[in-house]
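Participant:
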Amino acid sequence: MFTQTHQAGFLPVAQLNVLVAQLMAHGYRCLGPHEENGAIVMRPLESADDLPRGLQAEQAPGHYRLTRDPQQRYFAWANGPQAIKPLAFAPQETLWQVRRDAAGALQFEAVLPEAPALAIIGVRACDLAALALQDAHFLREGRRDPHYARRREQLFLVAVQCAEPAATCFCASTGDGPTPTAGYDLALSELADGFIVVAGSDKGHAVLAALNLAPATSQQIEAARQQGVAAAAAQTRRLPGRNLRDALMSQLEHPRWDAVAARCLACGNCTAVCPTCFCHAEVDVPALEGQSSQHERMWDSCFGESHGHLHGFNVRPDIRSRYRQWLTHKLATWYDQFGRSGCVGCGRCIAWCPVGIDLTEEVAALTAGEQP
Ligand code: SF4
Ligand code: SF4
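In the numbering used here, the protein residues as written are 278 to 649.
1. Below 8 Å on the Cβ atoms is my contact criterion, and I expect Gln359 with Gly331 to pass it. Report the Cβ-Cβ distance as a whole number of Å.
2. Flag this pair as yes or no: are the beta carbons of Gly399 and Pro455 separated by less than 9 Å?
3. Going by beta carbon distance, what residues of the same chain come within less than 8 Å of Leu343, once the five residues before and after it are set aside?
4. Going by the DSSP bridge assignment, what does Leu587 pair with across the sheet?
5. Can the beta-carbon of Leu372 be found less than 9 Å from the beta-carbon of Ile397?
6. Considering just the uninterrupted stretch of the beta strand (DSSP E) at Phe433, what are its terminal residues?
7. Report the three-state DSSP secondary structure of Ile361 (helix, strand or coil).
8. Looking at C-alpha atoms only, which residue of His588, Ser583, Gly589, Thr605 is the closest neighbour of Asp595?
9. Mind checking whether the beta-carbon of Asn356 lies closer than 8 Å to any heavy atom of ligand 2?
10. Would you give the residue range spanned by the alpha helix (DSSP H) that Arg519 belongs to?
11. Looking at Arg522 and Ala406, is the spacing between their C-beta atoms short of 9 Å?
12. If the criterion is Cβ atoms closer than 9 Å, does the pair Pro552 and Leu328 meet it?
13. If you compare alpha carbons, which of Ile361, Val474, Arg519 is closest to Gly268?
14. Taking the C-alpha atoms as reference points, what is the distance between Ala508 and Gln292?
15. Under the three-state reduction of DSSP, which class applies to Glu401: helix, strand or coil?
16. Can you tell me whether DSSP reads His311 as helix, strand or coil?
17. Contact defined as beta carbons within less than 8 Å: I believe Leu604 pairs with Val295. What is the distance between those atoms, to the nearest angstrom?
18. Rounded to whole angstroms, what's the CA-CA distance from Ala543 to Pro363? Just pull it up for me.
19. Since I believe Phe366 is in contact with Tyr425 (beta carbons under 8 Å), could you give me their beta-carbon distance rounded to a whole number of angstroms?
20. Alpha carbons only, please: which of Arg599, Met575, Ser598, Pro457 is nearest the one belonging to Gln369?
21. Confirm the yes/no value for this check: CB of Leu643, any heavy atom of ligand 2, distance under 8 Å.
22. When the distance is taken between beta carbons, is Val290 closer than 9 Å to Phe472?
23. Looking only at its own chain, which residues have a Cβ that is under 7 Å from the Cβ of Gly633, when we skip the five neighbours before and after it?
24. How should Phe415 be labelled, buried or exposed, when 16 other C-beta atoms within 10 angstroms of its C-beta is the threshold for buried?
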C-alpha cells in the first residue's frame, strides 16, 4: 500500500469532509461506520460529521463492546458484525417472478435490483479479501450471478488500515491484513493529524486527483508502515499459514467434533457474520391473489437442519456433522474450490458466537501433533 510514495497524498484530519464531498460529487451515495445497538454497522452518511469518532470495539469469544478511544481516532474500531457482504450479496431478494396473463399462460420475468453507486468508507483488509472470495464464487466464468454483479460493480471501496486489531483478529496469520494491499479504490491510513490516501483503481485515482492533496512525506509513510507492522504483531490468535486440507480431512472422526457439538447451539450466527459464507436458500412466495409468485433467495446456514436435507434424508442430521461441515469446508475443501482457505481472519465468528466457540482453538485441537 505504501510503496508508491509519489502517489500517496495526505488529507489533514480537519478535511475529512472533503473526501466525503468528493465522493458525492463523483455520484456516490456514501456509507460509513455508525454506532447502532452497541455495535459498528455501515449506514448512509451525508458528511464526515456523521462518522463516529473515538470508538473502539473490544472483542473476545462471545463478547463485543464499544469502548472509548482516548486518541479520538475515526477508525480505531477493528470491525463490526457486517461490512461489505450484505451490500453485494443481499440477505434477501427476489430473483424472478411469474404471473398468469389474461390468457392464463405463465409469464416469467427476471427481477434485477436497483443498485445505486455506493462508496463504503472504512472497509478493512479482511473484508476486501473476503469480497475477492465472494467475487470468485458469484462472478465465476459461466455462472455470473446478475444480482450480485449489478451491486458489486457499483461499489467504491474506501479501505482503512487497521491500527487497533481486536483480540479476536488473526488476519496477519491468514495473510489478509491488517494493511490493505489490493481490492480497494482508495485506502486510508489514519495518523494522529490526518490520513495518508492512496488509490488502487482508476476510479480511485479520479477521486484522489480531485482531492488535490499535498504528497505524503516519507516520515508519514513510514509511520503508517510501522503502524501496520505493530498491528500485525499485536494479534494473539492465529491459524497455521499452511494448507490445512489434509490435516483436517484426516481427522473427520476426531473426538473434538463431539466436544464442540456439545457447546454449539447451531444458531448460525457464525455463518451470518462471516464475510465469505455464501450459502443461501431459494423459496417461492405465492401472492394471496393466486395469480403470481416471487422466487426469493435468502441467506442460509450450514448449521440449519434443512440445509442438509436431500430427497428423503438428511446428510447432516446432528450438530456434530454441521459444525464439521462448516469448519472443513471453510478451511479444507475451500482449497479445492478456490485455491485458498475461506477464512480471512476477521474473527467475527468468534466474537459473535453466543457460546464463544473459537475456530482457532478448534483447529489447534484438531491438528495437534501435526507439523506447525
Ligand atoms: S471463518 Fe470466522 S474468522 Fe474466518 S472469515 Fe469467517 S467469520 Fe472471519
Ligand atoms: S459455532 Fe457458535 S455461532 Fe456458530 S452455530 Fe455454533 S453456537 Fe452458533
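Quick reminder that beta carbons are idealized off the backbone N, C-alpha and C, glycines included.
Facilitator: Working from what's here:
1. The pair is not a contact, with the Cβ atoms about 22 Å apart (cut-off 8 Å).
2. no
3. Glu312, Gly315, Ala316, Ile317, Leu332, Gln333, Ala334, Glu335, Trp354
4. Phe590
5. no
6. 432–437
7. coil
8. Ser583
9. no
10. Run containing Arg519: none; DSSP gives neither H nor E here.
11. no
12. no
13. This structure leaves residue 268 out entirely; the chain is present only between 278 and 649.
14. 25 Å
15. In the sequence on display, residue 401 carries Arg and not Glu. Three-state result, Arg401: coil.
16. strand
17. Leu604 to Val295, Cβ: 45 Å. No contact.
18. 21 Å
19. 6 Å
20. Met575
21. no
22. yes
23. Pro338, Gly339
24. buried
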